[in-house]
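Residue numbers (the numbering used here): 285 to 497. We put the CB at the ideal spot given by N, CA and C, even for glycine. It should be emphasised that the depicted structure is a prediction, and the values quoted were computed from it without experimental measurement.
What follows is the structure, encoded as structure tokens:
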């Protein structure tokens, strides 16, 4: 994966904040990341944070800083296709305010798709793979991460992403899909999606085996 890094605005003296762009060459997909790093020596437990629909890596900075202050490395991912580019594109379009509002709503609705959910899950797994590589290879992060203690969190569509990583199933019968990642040991769901389709909760959530809040 190709990486690009830059310093972020540093307002908290107890946390090291940086911006990086990680490229998954296999998917030809670049994932912007905001990293909240403790100033302690480590090894640090890891938390992955997934933003909601139309959000970005700038989401939930309070969460990232709180995690880092308490010794966790907090990685805030930005998911192309369901990030702020969705509504920013609509803003650049022509038309009056009402037309713009309808355009934004339409674009946001289209972005909340199963395809984007799958891409988000793959983003999380790619970042975890990269963290494993950085932790085991030569470099400044060698041995800095406790990869036996990984958590995942997210807001709204990001909470849905987290539930998928935790083991929520999608589809039914032969089309039943489970994308649980056993490396993730705990989860926090912020404003998680509701089971509006009325599926059997045991069928939907029964395969989640990790603690969640």
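Mind listing, in chain order, the continuous alpha helix (DSSP H) runs of no fewer than 4 residues lying wholly within the stretch 364 to 451?
-> 369 to 375, 381 to 395, 398 to 420, 441 to 450
Alpha carbon to alpha carbon, how far is residue 417 from residue 426?
-> 9 Å
Kindly indicate the opening and closing residues of the alpha helix (DSSP H) around residue 351.
-> 345 to 353
Taking DSSP as the reference, what is the three-state secondary structure of residue 320?
-> strand
Run of the beta strand (DSSP E) containing residue 489, from where it starts to where it stops = Here residue 489 belongs to no beta strand (DSSP E); instead the alpha helix (DSSP H) covers 485 to 489.
Could you say if the stretch 342 to 349 and the stretch 381 to 395 meet the contact criterion of at least three C-beta pairs nearer than 8 Å?
-> no
With DSSP as the reference, label residue 313 as helix, strand or coil.
-> strand
Just how far apart, CA to CA, sit residue 472 and residue 368?
-> 22 Å
Can you have a look at residue 459 and say buried or exposed, based on whether 16 or more other CB atoms are within 10 angstroms of its CB?
-> exposed
Segment limits, beta strand (DSSP E) that includes residue 329 | 328 to 334
So, are the CB atoms of residue 500 and residue 330 less than 8 Å apart?
-> A query on residue 500 cannot be resolved here, the shown segment of the chain reaching from 285 to 497 and no further.
Cβ neighbours of residue 389 in the same chain (closer than 6 Å, five flanking residues each side left out) | none
Which value, in whole angstroms, describes the spacing of the CA atoms of residue 400 and residue 467?
-> 22 Å
Inter-stretch contact at 8 Å, needing at least 3 Cβ pairs: the stretch 428 to 442 / the stretch 331 to 340 | yes
In angstroms with no decimal places, state the Cα-to-Cα distance between residue 370 and residue 391.
-> 6 Å
Bridge-paired residues (DSSP) for residue 462 = 453
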